[in-house]
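Scroll down for the structure; my scribbles are underneath it.
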Amino acid sequence: MPQHLHCWPGAEITRTNAYRIYVLAFLCLLGPFTFFNMQKTKYLQLFTSLMRWIAFSTMIVLCTIALSGGKGQGRPPVTEPAGLPNLFGVCVYAFMCHHSLPSLVTPMRSKRHLFVLVGADYLLILGFYTLLAFTGIFTFPRLYDMYTLNFQPTSDPMGTIVPAIPFLQYFLSLFPVFTLSTSFPIIAITLRNNLKALFLREERPSSATPSASPGVLHKVLERFVFPLLAILPPILIAFATENVEFLVGITGSYAGAFIQYIVPVALVYCARNQVFEALGLGVRNQHASPFRHGAWLVFVLLWAVTCVTFVTVNHFLAKV
Numbered sequence: 001m002p003q004h005l006h007c008w009p010g011a012e013i014t015r016t017n018a019y020r021i022y023v024l025a026f027l028c029l030l031g032p033f034t035f036f037n038m039q040k041t042k043y044l045q046l047f048t049s050l051m052r053w054i055a056f057s058t059m060i061v062l063c064t065i066a067l068s069g070g071k072g073q074g075r076p077p078v079t080e081p082a083g084l085p086n087l088f089g090v091c092v093y094a095f096m097c098h099h100s101l102p103s104l105v106t107p108m109r110s111k112r113h114l115f116v117l118v119g120a121d122y123l124l125i126l127g128f129y130t131l132l133a134f135t136g137i138f139t140f141p142r143l144y145d146m147y148t149l150n151f152q153p154t155s156d157p158m159g160t161i162v163p164a165i166p167f168l169q170y171f172l173s174l175f176p177v178f179t180l181s182t183s184f185p186i187i188a189i190t191l192r193n194n195l196k197a198l199f200l201r202e203e204r205p206s207s208a209t210p211s212a213s214p215g216v217l218h219k220v221l222e223r224f225v226f227p228l229l230a231i232l233p234p235i236l237i238a239f240a241t242e243n244v245e246f247l248v249g250i251t252g253s254y255a256g257a258f259i260q261y262i263v264p265v266a267l268v269y270c271a272r273n274q275v276f277e278a279l280g281l282g283v284r285n286q287h288a289s290p291f292r293h294g295a296w297l298v299f300v301l302l303w304a305v306t307c308v309t310f311v312t313v314n315h316f317l318a319k320v
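Residue numbering for the sequence shown follows full-length UniProt numbering, starting at 1 and increasing by one per position.
Structure, rendered in structure tokens:
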């Protein structure tokens, strides 16, 4: 649908202008949270988790009802070599499951059964997403880039494939808004704090140098500059383009691969060198990872290069 079309007959607002108005409203409503300290984000995280579980369970149940009633229209091939580049791109997003590790490991007092618990967590994630994926590909003949759009209300006279429940349809259409609205302040505050830790050092004031000037500079950077650096780039990108497929392709293919593959390898390599210099080889960690061999770091780097190569080829093939 062309972006220059009006939202409704007789209105002067085009689809592009409406999109930018909503982005600006999003910035005005959630942007100020970045300038404050949100010490307790427990309720936001609980709300986000609850919305995700409700949305995912709803999509699985609706697809299951459609499949059990013989309405499934998906006919996925057994193998499709052309989809191999997409598989490597999906692997980058699947790697995001590692984000849950700190919140799982830190509260554990006893690390004795750590590998069993983490393994069970990953099996649960694998089973849940496998169920979500397989019910979707066998239900719909074509899947949107944003999966929840498959459940939106339709003007098709044949009706929808899944049961048409208006409340659930609008809930699933707004689900990305719910999760983004709760995740954006947390991610922005985390980025702001990371910038602060990276560029500002906590130094005691010296009697030889006045402390007023550095103190004012630090306050300006901490309270204004870093929050703006955290929220302005994504907002400017959102104003520049509304092509979700383009944004997902760039962030998932390149930025995601760098953040989730290259950065962890660099951190692990530097951390192991520091531990070796401080403790030597005489101390053995009974909770050491089974992937502690240096060859695994090389494997992750090779995997990152492979993913980026395949996804880049897929981008070029899609344009041909």
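For every residue, glycine included, the Cβ atom is placed at its ideal position computed from N, Cα and C.
Source: prediction; values computed, not measured.
Starting from P9, follow the alpha helix (DSSP H) in both directions and report where the run begins and ends.
-> Indexing the sequence shown from 1 puts residue 9 at position 9. Looking at the DSSP string, P9 is not in any alpha helix (DSSP H), and its letter there is neither H nor E.
N194 lies in the alpha helix (DSSP H); which residues open and close that run?
-> Numbered from its first residue, the sequence shown carries residue 194 at position 194. Note, N194: alpha helix (DSSP H), P166 to F199.
Say whether the region 51-68 touches the region 128-140, bearing in mind that this needs 3 or more beta-carbon pairs closer than 8 Å, one atom from each stretch.
-> yes
Just to confirm, are P234 and R192 a CB contact at a threshold of 8 Å?
-> The count along the sequence shown starts at 1 and reaches residue 234 at position 234. The count along the sequence shown starts at 1 and reaches residue 192 at position 192. Not a contact, by the Cβ cut-off of 8 Å.
Close Cβ partners of F128 (< 8 Å) along its chain, the five nearest in sequence each way excluded | The residue you call residue 128 lines up with position 128 of the sequence shown. Once the five neighbours on either side are set aside, the close Cβ partners of F128 are F56.
D121 - DSSP class collapsed to helix/strand/coil = One-based indexing of the sequence shown puts residue 121 at position 121. Looking at D121 - three-state DSSP - the assignment turns out to be helix.
How close, in whole Å, do the beta carbons of T34 and P176 come, if the pair is a contact with beta carbons under 8 Å?
-> Residue 34 sits at position 34 when you count from the first residue of the sequence shown. Residue 176 sits at position 176 when you count from the first residue of the sequence shown. With 8 Å as the limit, T34 and P176 do not qualify as a contact, their Cβ atoms being about 20 Å apart.
For F167, count neighbouring C-beta atoms within 10 Å of its own C-beta (all shown protein chains included) and say buried if the count is 16 or more, exposed if not.
-> The residue given as residue 167 occupies position 167 in the sequence shown. By the neighbour-count rule (16 or more Cβ atoms within 10 Å), F167 is not buried but exposed.
What's the gap between the Cα of F115 and the Cα of A164?
-> Stepping through the sequence shown from its first residue, residue 115 is reached at position 115. Stepping through the sequence shown from its first residue, residue 164 is reached at position 164. Each residue's Cα considered, the two are about 43 Å apart.
Where T16 and R52 are concerned, what is the direct C-alpha to C-alpha distance, given to the nearest angstrom?
-> Indexing the sequence shown from 1 puts residue 16 at position 16. Indexing the sequence shown from 1 puts residue 52 at position 52. The alpha-carbon atoms of T16 and R52 are separated by roughly 29 Å.
Within its chain, find whatever has a CB closer than 7 Å to the CB of I161; leave out the 5 residues flanking it on each side and keep chain order.
-> Looking up residue 161 in the sequence shown gives position 161. Same-chain partners within the cutoff: A66, K71, Q73, T139 and F140.
Can you grab the Cα-Cα spacing for the pair F26 / L174, in whole Å?
-> The residue given as residue 26 occupies position 26 in the sequence shown. The residue given as residue 174 occupies position 174 in the sequence shown. Straight-line Cα distance between these residues: approximately 14 Å.
Does DSSP put residue 334 in a helix, in a strand, or in coil?
-> Any answer about residue 334 is impossible in this case: the structure gives the chain only from 1 up to 320.
How would you write the range of the alpha helix (DSSP H) that I235 sits in, first residue to last?
-> By 1-based counting over the sequence shown, the position of residue 235 is 235. Run containing I235: F226 to A240, per the alpha helix (DSSP H) assignment.
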